[in-house]
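Enquirer: Before I ask anything, let me first share the structure, which is written out below as structure tokens.
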């Protein structure tokens, strides 16, 4: 699926971000890196699930809390905090089936899915996922209306009418 013209403009505007590296690269290597990253951006822009679970194979390290974490297969783009893990709380966005289905609901063009009501508890990543899907739309689409509301069930039912 080709990128929209607006996304193409943004990719071009990113310029050296595509070739940014902690190492000095020859012009040829920088061009190859930029080409690979453009392909990754095109893939990630096809659906928010690809963005949320994306791995950047061109980067293998990330510094979190002053500590360097090494990812031999590539660095995850989206990191979350696991409040239950005191030793290593920063983790990649979880590749869970219920989250993939939730993301599909959020981006479904079906009119009956224009309003999504979700009963949630802590540690389900619902708020994080909603925010990240809105982030994805902002990155890859010209404009989009997004509303995230925290209400009680009775208020939500009233809004849905």
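Numbering (UniProt numbering), first residue to last: 1 to 161. Glycine included, C-beta positions come from ideal geometry on N, C-alpha and C. Here the structure is a predicted model, which means the values were calculated and not measured.
With 7 Å as the threshold, decide whether the Cβ of residue 87 is near any Cβ in chain D.
Expert: Reference to chain D is not applicable here, since this structure consists of a single protein chain.
Enquirer: Is it the case that the region 48-58 contacts the region 132-140, given that we only count it when at least three CB pairs across the two stretches are under 8 Å?
Expert: Short answer: they touch.
Enquirer: Suppose you measure from the CA of residue 72 to the CA of residue 97; what does that come to, to the nearest Å?
Expert: Cα to Cα, residue 72 sits roughly 25 Å from residue 97.
Enquirer: CA-CA distance, residue 155 and residue 34?
Expert: If you take the alpha carbons of residue 155 and residue 34, they lie about 48 Å apart.
Enquirer: Is residue 62 helix, strand or coil when you go by DSSP?
Expert: Reduced to three states, the DSSP call for residue 62 is strand.
Enquirer: Let me check understanding here. Comparing Cα to Cα, which of 126, 89, 141 and 69 lies closest to residue 99?
Expert: That would be 126, whose Cα lies nearest to the Cα of residue 99.
Enquirer: Which partner residues of residue 75 appear in the DSSP bridge assignment?
Expert: The partner list for residue 75 (beta bridge, DSSP) reads 56.
Enquirer: Taking the beta carbon of residue 45 as the centre, do at least 16 other beta carbons fall within 10 Å, making it buried, or is it exposed?
Expert: Residue 45 should be labelled buried.
Enquirer: Give me the residue from 59, 26 and 27 with the minimum Cα distance to residue 40.
Expert: Out of 59, 26 and 27, 59 has the C-alpha closest to the C-alpha of residue 40.
Enquirer: Quick check on DSSP: helix, strand or coil for residue 123?
Expert: Note: residue 123 maps to coil in three-state DSSP.
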